[in-house]
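When the letters of the sequence shown are read in order and numbered with the working numbering, they come out as residues 5 to 668.
Backbone N, C-alpha and C fix where the C-beta goes; we use that ideal spot for every residue, glycine too.
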Amino acid sequence: MAQHLPHADTAVRKLHVGHFAFMRAYIQGLDLREIWNRYLATEGTRSDLRVIKRTVGWLRDALAAAAHRHGRHSVAHLVRIDLSIIVEPDGPVAPPFDEFVAQHGWDGFSYEEQIEAYTAAYGQASAQEKRSVRLLRRQLEALTWLERLAAESPHADDGVRAWMRPELAARLEAAGMPTLRHLVERINGVGLRWYTPVAAIGAGKAAHIVSLMRAFAPSTGLAIGPHVLAAPSHLTPAQRRLVLAPATALVPLEKFVVPSEYDGSAGQYRAPRSQCQLRANTDYEALLAFLREKQLRHAPGEGLRHDDHPLAWLQHLAPTARAYRTECERFMLWAILKCKKPMSSMTFEDACAYRAFLADPDPAWCGPRSRARWGPAWRPFEGPLSEAAGRRALTMLATFYKFLVDQRYLTGTPWTGVTKPPAPPRMAGPGRSLTQDQWRFVCGQLAALPPTSANLRLNVALQLLYAGRLRRAELIAARCGDLEVLRLPATADEPAVEGWVLNVRGKGGKERQVPLGQQHIALLVDYLVTRGVTGPVNHPRNAHIFLLGQVTDAVNRRPGATTPLGFVDTDAGISAQTLYDQVTGFFAYCGQLLAADDPDGVTRLQQASTHWMRHTGITHSLAAGTPLDVEMLAAGHASASTTSRYMHSEARRLLQESRAFLNK
């Protein structure tokens, strides 16, 4: 992808039609508030007279310089004259000439007739006004002449310095927007709050910049989408689909247009059509079939959710299917855009080249993870993949190609024999968990947080992740209807027992029951009450309500929020990314508080994530004496060997029994 560089002369600020429109209105004495906001709002605050004076002075200098360049030195002198400082003579105060003409119905008459009427009304007091009017007329004529010669049209690759005041341009450049193209790409890519990383630019100034870029659009060809005016959460699926046009470019799978020569219908390694067990005729169709199978296998209860668009389900995949989509999508884009080949023609050498690409992708292919798939700022990579991530990517691609071979769509797979990056050491238990003391410290900080909706949700989330040994996706999907009081009658050998359990659908669609304590249910009930949920938590009318919900006091805490409490969907859930960001942010905060006393704890908390809570819960449960087979069921592990990695009895004995030898 080509890099767009600013023009060489972009350090010189240019004049556009808005500057001339402002000066015409300014010298005629029109309302300063209106004309400043309409034409020059990006220059600064209208109430700051120093800014206005400096801007008007710059405009007069720029206009005079343009006149000098064309040999019109008298015009240069004329545009520097400030009519507002011409002193009125003694005598009756005459109204401005233009006001007199408008108020007394002289609009349709000649200039000479207007002057005659004005003189008759105000006599000698109008002499100075007559001179001012003549100067005004001459200045307006000069501005019209200069506009034809000096007003320039902006171009997409002009630097922002060419069209904005230096201080504002410097801030945009520092935030990675040196040209108009970069600026519009950022606005379209991020949406409503595109300006957040830019110093000293708030919502008001950002809106003026957007207006300026819209005014420049006819000459730059850079259109700003209507989605920029609304918060992403307020856009309907149909509105989101309009943001990004289908293209053969770096766009998500659901927007990618596969050229017919690369669609794989005549792929080099296609098996005979008569033997293929897929209805797919192209590689794209085969990939969709593979992803459908992964979605139905790993989230059988969800099905293939969609709205009125046939590919909408691709944005609502379960975690496993979403991971496969990411890796297959990346490889398809690379095969077609970089190799100019269909996926069904890829060779062993191509597979090895892609392995190298994963470790060092082109910068143009990389972007922040937070960029939405439906926006133009989305990119397939965040940066180079780690060895672990690269190994996982190659494993998933090998699984995809094995599916194609098993379905007799392909005769073979290019991934056979491709060496993967070495597997990282398995770190279970102490490697990715908190100690008992660190967990107690975290709980203490949780209790000290203000009782906002977000903090109450955080407390519930961390306690359930820990006590339930839950994966993030499992907790995000959990609803009140998944809670149950399990009552088991007494037997000849055992007393009756009852307790709360959470019915969980985990990886691969496997179901399990996770025990929870009464204190966890009480904490959850208190949180649900703040969301307007009443009655027993497991009442049938509450069955559809997600355990973790949207923040209900956003208006009171978030500057600029416009959604009132009554319009928050208190039954709805949250995204996995929302939970992840909140948990990791809280752990980082706890790490700062630990800095002086526990350097090791600081490092752990800075690395901790939602999944660490699952590891911590399993580790602490086993240390408390929970039998291995019971913990295996609670954690949803396929084998006891996986659960046993969290037991540290051998390591503990190794350290204890070696002390005598090591301390000699």
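N- and C-terminal bounds of the alpha helix (DSSP H) containing residue i
{"i": "Val-501", "result": "Where Val-501 is concerned, there is no enclosing alpha helix (DSSP H), although the beta strand (DSSP E) it sits in stretches over 501-509."}
{"i": "Pro-256", "result": "Unbroken run through Pro-256: none, as it is neither H nor E."}
{"i": "Arg-461", "result": "457-471"}
{"i": "Glu-391", "result": "391-410"}
{"i": "Phe-24", "result": "21-31"}
{"i": "Trp-616", "result": "614-627"}
{"i": "Met-350", "result": "No alpha helix (DSSP H) contains Met-350, which DSSP labels as neither H nor E."}
{"i": "Asn-41", "result": "36-43"}
{"i": "Tyr-584", "result": "580-598"}
{"i": "Gly-61", "result": "53-73"}
{"i": "His-313", "result": "Here His-313 belongs to no alpha helix (DSSP H), and DSSP marks it neither H nor E."}
{"i": "Thr-49", "result": "Note, Thr-49: premise wrong, no alpha helix (DSSP H); not H, not E."}
{"i": "His-212", "result": "207-224"}
{"i": "Phe-101", "result": "101-107"}
{"i": "His-81", "result": "77-83"}
{"i": "Arg-480", "result": "In the sequence as displayed, the identity of residue 480 is Ile instead of Arg. First-last of the alpha helix (DSSP H) with Ile-480: 476-481."}
Rounded separation between residue i and residue j - CA only
{"i": "Ala-235", "j": "Leu-187", "result": "19 Å"}
{"i": "Ala-427", "j": "Ala-397", "result": "12 Å"}
{"i": "His-81", "j": "Asp-111", "result": "30 Å"}
{"i": "Pro-29", "j": "Leu-147", "result": "The sequence shown places Ala at residue 29, not Pro. Spanning the two alpha carbons is a distance of roughly 11 Å."}
{"i": "Asp-161", "j": "Met-168", "result": "14 Å"}
{"i": "Tyr-593", "j": "Ala-327", "result": "29 Å"}
{"i": "Glu-333", "j": "Thr-403", "result": "14 Å"}
{"i": "Ala-496", "j": "Gly-503", "result": "20 Å"}
{"i": "Gln-243", "j": "Arg-42", "result": "29 Å"}
{"i": "Arg-436", "j": "Leu-666", "result": "27 Å"}
{"i": "Val-91", "j": "Leu-239", "result": "Bear in mind that a pLDDT of 42 at Val-91, under 50, signals an unreliable position, so the number given afterwards is only what the model happens to contain. Whole-angstrom Cα-Cα distance: 57 Å."}
{"i": "Ile-56", "j": "Ala-173", "result": "18 Å"}
{"i": "Ala-154", "j": "Val-16", "result": "13 Å"}
{"i": "Glu-386", "j": "Pro-241", "result": "25 Å"}
{"i": "Arg-444", "j": "Tyr-650", "result": "20 Å"}
{"i": "Leu-315", "j": "Ala-325", "result": "14 Å"}
{"i": "Phe-294", "j": "Gly-163", "result": "46 Å"}
{"i": "Arg-141", "j": "Trp-62", "result": "22 Å"}
{"i": "His-310", "j": "Trp-369", "result": "Only weak support exists for where His-310 lies, its pLDDT of 49 falling under 50; the value from the coordinates is given anyway. Cα to Cα, the separation comes out at about 28 Å."}
{"i": "Gly-564", "j": "Pro-170", "result": "Its pLDDT being 41, under 50, Gly-564 is placed unreliably by the model, and the measurement read from it follows with that caveat. Each residue's Cα considered, the two are about 28 Å apart."}
Identity of the residue in the options nearest residue i by Cα
{"i": "Leu-609", "options": "Asp-601, Thr-183 and Gln-596", "result": "Gln-596"}
{"i": "Ala-639", "options": "Lys-514, Met-27, Ala-179 and Tyr-122", "result": "Lys-514"}
{"i": "Ala-599", "options": "Ile-340, Gln-442, Met-350 and Glu-331", "result": "Gln-442"}
{"i": "Gly-371", "options": "Ala-363, Ala-381 and Ala-242", "result": "Ala-381"}
{"i": "Arg-461", "options": "Ala-496, Asp-530, Arg-165 and Leu-487", "result": "Asp-530"}
{"i": "His-519", "options": "Ala-275, Val-505, Ala-322 and Gln-279", "result": "Contrary to the premise, residue 519 reads as Pro rather than His in this sequence. When each option's Cα is compared against that of Pro-519, the closest is Val-505."}
{"i": "Glu-265", "options": "Glu-258, Leu-257, Ala-275 and Thr-252", "result": "Thr-252"}
{"i": "Leu-551", "options": "Trp-616, His-615, Leu-466 and Leu-490", "result": "Leu-466"}
{"i": "Val-489", "options": "Ile-622, Gln-440, Gly-510 and Val-541", "result": "Val-541"}
{"i": "Leu-318", "options": "Phe-335, Trp-338 and Glu-297", "result": "Glu-297"}
{"i": "His-313", "options": "Ser-278, Gln-517, Ile-39 and Leu-246", "result": "Leu-246"}
Whole-number beta carbon distance between residue j and residue i, since they are thought to touch under 8 Å
{"i": "Gly-512", "j": "Arg-301", "result": "7 Å"}
{"i": "Pro-388", "j": "Pro-365", "result": "6 Å"}
{"i": "Pro-418", "j": "Thr-351", "result": "6 Å"}
{"i": "Arg-475", "j": "Tyr-584", "result": "With a Cβ gap of about 12 Å, Arg-475 and Tyr-584 do not count as contacting."}
{"i": "Leu-401", "j": "Ala-290", "result": "That pair is no contact at about 13 Å."}
{"i": "Leu-282", "j": "Tyr-413", "result": "5 Å"}
{"i": "Leu-4", "j": "Arg-618", "result": "Given a span of 5 to 668 for the chain in the structure shown, any question on residue 4 remains unanswerable."}
{"i": "Arg-185", "j": "Ala-203", "result": "Actually they are not in contact, since the Cβ atoms of Arg-185 and Ala-203 sit about 21 Å apart, beyond 8 Å."}
{"i": "Phe-104", "j": "Tyr-115", "result": "The pair is not a contact, with the Cβ atoms about 13 Å apart (cut-off 8 Å)."}
{"i": "Thr-620", "j": "Met-636", "result": "Not a contact, Cβ separation roughly 17 Å."}
Beta-carbon proximity list for residue i, same chain, < 7 Å, skipping 5 on both sides
{"i": "Ile-549", "result": "Arg-483, Cys-484, Val-537 and Asp-575"}
{"i": "Thr-607", "result": "none"}
{"i": "Cys-447", "result": "none"}
{"i": "Ala-580", "result": "Arg-476, Ala-477 and Ile-480"}
{"i": "Glu-261", "result": "The question names Glu, yet the displayed sequence has Val at residue 261. Hits under 7 Å: Pro-250, Ala-251 and Thr-252."}
Same chain, Cβ closer than 6 Å to residue i, neighbours up to 5 away in sequence not counted
{"i": "Glu-3", "result": "An answer regarding residue 3 cannot be provided, because it is not within the stretch 5 to 668 covered by the chain."}
{"i": "Asp-287", "result": "Gly-268, Pro-346, Met-347 and Ser-348"}
{"i": "Ala-68", "result": "Ala-80, Val-83 and Arg-84"}
{"i": "Glu-156", "result": "Lys-18"}
{"i": "Arg-663", "result": "none"}
{"i": "Asn-463", "result": "Leu-450"}
{"i": "Ala-210", "result": "Tyr-199"}
The beta strand (DSSP E) enclosing residue i, as first and last residue numbers
{"i": "Leu-520", "result": "515-520"}
{"i": "Arg-491", "result": "487-492"}
Contacts around residue i, its chain only, beta-carbon distance under 8 Å, and the 5 residues preceding and following it disregarded
{"i": "Ile-228", "result": "Val-188, Ile-191, Asn-192, Val-214, Met-217, Arg-218 and Ala-221"}
{"i": "Pro-182", "result": "Pro-10, Gly-163, Val-164 and Leu-176"}
{"i": "Pro-263", "result": "Thr-252 and Ile-340"}
CB contact below 7 Å: residue i versus chain B
{"i": "Val-83", "result": "Among the chains of the structure shown, chain B does not appear; only one protein chain is present."}
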